[in-house]
Every structure is written in structure tokens, then in C-alpha cells.
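Numbering (the UniProt record's numbering), first residue to last: 1 to 560.
Right under this line is the structure:
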């Protein structure tokens, strides 16, 4: 596959018109011709309105002037309305000139503004993607959330966009969602700011770091799971609580309970607005979410101020890491001021504001919350529907429990590395559910991809779900089969956490949450789905219908 950069001579996404072909020049020319034509028509009408042999100024009376006056008024209105109409056509003329000579991908842009958004978010995304892929091929255009988009469903094209030519495609989200998460969050950035911040974020989620969090995650599970005993729970909502507790520890480290409760309530309001229509009017969910976002900034600012006073190390979590980096860079400020050159990294962190810190903390909460909760919900669904797999996972966990009992200790990071079958179940869950159906990128300039031009400013969406559900890469993709991961999948065909420099840094933490929960849940409990209605709902991540209501039953009761 060949990918080339299409040079654009200006900073705008629309190229200049050739000499003497600018729309304003064309508009003036057309208007001038229209004026001449209408003037000629006026003169002809005047002539025809005169009696024979009476075309003389001395013979023009008020009665003969009236139809001419009416015509002149109509003519003036027609001239101005035609010019105004042509002016309205100017953006279209520019767009037409820019795209007429380019080969855009095939596809449909749907309804004005809405595009095909409703179709995507209200039906099975497998159907949405496969219907268009069968009709148009592996690359097609559409319109989602008011943005022109190009969707790609081949592993090679996805790697090009996310890895080999990632500098031509900046990470992006719909503006309404960027405003809620925070525009300075690391996964919206490129360049030095992104590189420096990602080093710190990744350092906070490396196995060498999160291995010390195993006991914290296990304590959350040990406290939460028994409260479900003999009760019907909404799996998705309970998993959201679990995922939030783990994400908050990762973001803030040790935090006071009152502070945690305030952040929890504000985030809950933020989440409702995030998944709502972005109508910023008083009383709407989005409006309430924007208010909650401002309060979250203030809450985090107060936590920062408290940590400055109470601890020279600024506490744990990503917050502590960011504050420590900023403090270390600030101490080097005088050195930088005396030197002609100062490291780019130090400059970035010296300029890191409280608001930027807040954006990245909230970004971590978002990244670690909904997607992880959805994966946790799906793994319980798949194990419920495949009792043989559930029993195989249980046998593996019983072996781990025997080892822990002999050594009189809790789970460790090394224990989670000794769960190969459970890990394959998680891998297959992430493939089959494909929580992250796609990711957003934006072309920073005109780009040629697989023979088509992607204009600057258009969104580009690599379709992970289509790749994960392709029979070419995963035979019988509709079947839940963990054994397919006994052999590593073909490169660039399995991307549950994205790919490239903007891939999810918290992937290991998410898998840790799944492993710890499955260890305790499969050993002590079984669960039965309540209700006969089966299906999937999308809001925006795919989850079992109604959040998978289940009744949790102690395992010992099943055998007595």
C-alpha cells in the first residue's frame, strides 16, 4: 500500500482557485452578464410596450410609464435576489472546485448535519459496517456527528493511519466530547506536549508500577462482591462502580473519602452528559455535565493545594507523578533562564497548569471507566452462556487458590501471570465484544490512501470491530472461542486497545481488574441472567441489553 502526502499550498483545507477563476471573480462576471441581459430585456419591453410609431420621449405618459415602473421594480428585485443566491452558492463553488478533481472514497453522507449518526448508534455496528463494506469496499465515506468521515477496515490501512503515518492524522474527538473530557488531555495531543505527558502516564501504568496495586484492587473486590450475595444486580452499573474505584486510585492515589465522594458524584453527572445529545441549554444533561466539569476542575485544584502543603512528594497516583514532574521542572527554572537552551521536557512541565493536570486526570477516569466496565459485563455474559468455559476458568483459579492457601497470602502480580486460560477468555471477550468499535483521527492535510484522497479536516476512523469480526482473520467470528488465541493472531488484526503512539496506556490495568474479579467471583459464586430478553444496546459502547441483570448465588448452594 502506498500513501503519499498531498501538498497544500495554504494553511486552509480548501486550495486557492487558479488565476481568474476565483469564485468572487466568477460571481462578478455572472452578475455582470445577468445585468446586461436584464437591461436588454428591459429596453426590449419598453420598446414593445409603445404603440406603433410612437417611440418618442415626448409621447411617454404616466399611463405608459406605469408598466415600465412595475417592470423596473421587478427587475431590481430579480437582480438583487439572483446576486444574493449566487453569493449563497459561493461555499458550494469552493467545495466543488476543491473536490471535483479529487477521488474521494465511495459512500453516502446521509442526511444533512445528522449524516448517518442515528443509524450507527441505534443498530448493531456489525451490520452498519458490514453493509457498507460489502457495498463500497474496505474504505468508504460517511458523516457521523456532523463530521465528514472516512472509515477503513483493512489491517494495513489501520496500521498506516495509527502507526507508520500517524503524524498525518491527529487524534480527535467530536468537540462536544472534547470539552467534557478536557482539550488538554494527553490523548488529544501531538508533538512535544503529547510525548512528554505520555511518558509520565505510561510510567503510571507500567506493569512495574501497577504490580503494587494488586492488593488494592483485590480489597475492592473482596469488599464489593459479597454485597451482591443472593441479590439481583445490574451488572453494568456494578462494574462501573468497581472500575471507577480502581481508576480513581490510579489517578489520585490515596484520597480522602469526602474528596472521593465529591469526585464520584460530579463524574456521574459528567458521564450522563457525555452520553447525551450535546444540546447546551439550561436543564439539559449536557448543560449539567458542563457545570459538573467546572466543579471537577475546582475540586481537583483544592486537592492539589492540599497536597502541596501536606506532602513534599505530592502523594501517589498520576496526580502525584504530574505534580512531582512540574515541581522538579520549576526548580530548574533558574538554570533554564541562565542557559540559552532548556530541555523541551522541562519547558512543557514548567508550563503545566492546574487545569491541564485536571484534564489529564479526568481523561484517565474516562479511559478507565466505561470501556473497562463494558468488558467486565461482557465476560460475565460469555461465561454464563458457555458453562464449559466457566468451569475451565474455575479449575484454573482453584489451582491459584491452593497455592495462596499454602503460602497464606493474597493475590500477587505473578499469580495473575499464571492464568493462561483465563487470559485467553479475556482476549476473546475483547475481540468478540469489541468495546472500542473504532477510534477517531483527523487528517492534518490532504492525504492519499489506497488510491483515494482524504481531505484535510476529515475524520478517519479505523474500524477495529470490522477487523475483529472478519472471517479472513478470525474463522467463525460469531463463535466465542478462546482457543483461537492459543496461536498469536496475525499482526494488526487484534487491536482492543488501539495501536501506535496513542494506544491505551492502561491496558494492563484493565486486564488486571478482569483477572482479579474473575478469580474471586468464579471460586465463590455463580450467576443467572434475569429475564428472557437477549440482545445488545449501544450507548455508546455495546453492552448486553438492560445492563445484564443477574442474580448472584453462592456457589456452595448450587451443590447442596
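Ideal Cβ placement from N, Cα and C applies to all residues, glycine included.
Exposure label - residue i; buried when at least 16 CB within 10 Å
i	result
residue 439	buried
residue 414	exposed
residue 486	exposed
residue 268	exposed
residue 227	exposed
residue 417	exposed
residue 556	exposed
residue 152	buried
residue 541	buried
residue 141	buried
residue 407	exposed
residue 509	buried
residue 210	buried
residue 111	exposed
residue 194	buried
residue 155	buried
residue 143	buried
residue 63	Any reading at residue 63 must be qualified, since the residue scores a pLDDT of 48, below 50, and its modelled position is unreliable; the value itself is stated next. Residue 63 is exposed by the Cβ-count criterion.
residue 491	exposed
residue 554	exposed
Distance cut-off 7 Å: residue i Cβ against heavy atoms of the ligand SAM
i	result
residue 317	The ligand SAM is not part of the structure shown, which contains no ligands of any sort.
Presumed contact (8 Å Cβ cut-off) between residue i and residue j, rounded CB distance
i	j	result
residue 251	residue 364	5 Å
residue 484	residue 474	6 Å
residue 459	residue 172	7 Å
residue 145	residue 174	5 Å
residue 431	residue 468	5 Å
residue 161	residue 462	6 Å
residue 247	residue 180	Residue 247 to residue 180, Cβ: 16 Å. No contact.
residue 215	residue 410	6 Å
residue 436	residue 139	Not a contact, Cβ separation roughly 20 Å.
residue 307	residue 315	5 Å
residue 516	residue 218	5 Å
residue 270	residue 292	5 Å
residue 115	residue 136	In fact, because the Cβ distance is near 15 Å, the residues do not count as touching under 8 Å.
Span of the beta strand (DSSP E) around residue i
i	result
residue 561	Nothing in the structure corresponds to residue 561, since the chain is present only between 1 and 560.
residue 452	452 to 454
residue 169	169 to 171
residue 441	441 to 443
residue 147	147 to 152
residue 459	459 to 462
Spatially closest choice to residue i from the options, by CA coordinates
i	options	result
residue 303	318, 492, 397, 291	318
residue 549	531, 355, 198, 555	531
residue 150	427, 432, 109	109
residue 324	294, 410, 201, 295	201
residue 229	543, 528, 366, 516	528
residue 523	392, 437, 261	392
residue 167	235, 399, 437, 445	445
residue 421	385, 399, 381, 272	399
residue 367	197, 478, 187, 283	187
residue 225	520, 321, 211	520
residue 472	494, 526, 277	494
residue 544	514, 498, 249, 376	376
residue 294	275, 322, 355	355
residue 505	320, 429, 536, 205	205
residue 429	129, 115, 382	382
residue 353	266, 183, 405	183
residue 378	553, 534, 498, 502	534
Identified DSSP bridge partners for residue i
i	result
residue 537	543
residue 553	526
residue 111	115
residue 438	463
residue 232	551
Alpha helix (DSSP H) segment containing residue i, residue limits
i	result
residue 286	285 to 310
residue 239	235 to 252
residue 263	257 to 274
residue 398	387 to 407
residue 417	Where residue 417 is concerned, there is no enclosing alpha helix (DSSP H), given that its DSSP letter is neither H nor E.
residue 219	214 to 224
residue 484	Per DSSP, residue 484 belongs to no alpha helix (DSSP H) and is neither H nor E.
residue 202	191 to 205
residue 352	First-last for residue 352: undefined, no H or E at that position.
residue 136	125 to 136
residue 471	It is not in any alpha helix (DSSP H) - residue 471 carries neither H nor E in the DSSP assignment.
residue 561	Lying before the first or after the last residue shown, residue 561 is absent from the chain, which here runs from 1 to 560.
residue 180	175 to 181
Beta carbon proximity, residue i to chain C, threshold 8 Å
i	result
residue 362	Any reference to chain C falls outside this structure, which holds one protein chain only.
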